[in-house]
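Visitor: First the structure, then my questions, so here it is.
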């Protein structure tokens, strides 16, 4: 028991490795999750968390995601997440496949200077889009009249109402397809 559970110093939710396991459920509510973090005070965050190489599956129905925060008493502080790895996992009948770093493709069919790239809620535990480590063109990026654009965009982080989107900002209106690597830790 802690009379003052608010985070003031220390590690918070830290130093946990979940690797090479099979998580299986059947006929559960869609909001069921296998990994639930429940902070009892304000200001807690995640650090040094690895969820790697696991198999998550549910039968007789789907669940929304494998991870969630129980906000009964408080929420986590996603602005302080550090060294969070959620990768190499397999998902069966899970609507949102959690990943960090997240590699996602974005197709911009109409030429515009500012592209909004969504993570579709795939970052773990409501994480913010705090870092971009790669932007790779999947085809020729062009203007609306077909002229090739060779300029790299600069990135805007933590965009959108949930801060889980990024923006790619080009010097000129551009269209095309890119692959972006986004993470919730800095």
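Numbering (our numbering), first residue to last: 1477 to 1662. Every residue gets a Cβ at the ideal spot worked out from N, C-alpha and C, and that includes glycine. These numbers come from a predicted model, not from an experiment.
Less than 8 Å between C-beta atoms, sequence neighbours within five positions excluded: which residues of the same chain meet that for residue 1499?
Guide: Within the same chain, residue 1499 has close Cβ partners 1510, 1530, 1531, 1532, 1533, 1542.
Visitor: Could you check what DSSP says for residue 1605 in three-state terms: helix, strand or coil?
Guide: Correct three-state label for residue 1605: coil.
Visitor: Cα separation between residue 1561 and residue 1626?
Guide: In a straight line, the C-alpha of residue 1561 is about 32 Å away from that of residue 1626.
Visitor: Could you please give the first and the last residue of the uninterrupted beta strand (DSSP E) stretch that includes residue 1558?
Guide: Looking at the DSSP string, the run of the beta strand (DSSP E) that includes residue 1558 is 1558-1563.
Visitor: Tell me the rounded alpha-carbon separation between residue 1515 and residue 1656.
Guide: C-alpha separation (whole angstroms): 31 Å.
Visitor: Enumerate, from N- to C-terminal direction, the unbroken beta strand (DSSP E) stretches of 3 or more residues contained entirely within the segment 1488-1533.
Guide: The segment 1488-1533 contains these whole beta strand (DSSP E) runs: 1489-1495, 1498-1502, 1511-1513, 1522-1528.
Visitor: With DSSP run on the structure shown, which of helix, strand or coil describes residue 1616?
Guide: Three-state result, residue 1616: coil.
Visitor: Return the first residue and the last residue of the beta strand (DSSP E) that residue 1646 is part of.
Guide: Start and end: 1641-1659.
Visitor: How big is the Cα-Cα spacing for residue 1573 and residue 1620?
Guide: If I take the Cα positions, the gap works out to 34 Å.
Visitor: Measure the alpha-carbon distance for residue 1610 versus residue 1658 and round it to whole angstroms.
Guide: When rounded, the distance between both Cα atoms is 8 Å.
Visitor: Taking the Cβ atom as the reference point for each residue, do residue 1586 and residue 1613 lie within a distance shorter than 8 Å?
Guide: Contact flag unset, no.
Visitor: Residue 1617: which of 1640, 1588, 1639 sits nearest, CA to CA?
Guide: Out of 1640, 1588, 1639, 1588 has the C-alpha closest to the C-alpha of residue 1617.
Visitor: Could you tell me the boundaries of the beta strand (DSSP E) in which residue 1567 lies?
Guide: Looking at the DSSP string, the run of the beta strand (DSSP E) that includes residue 1567 is 1566-1568.
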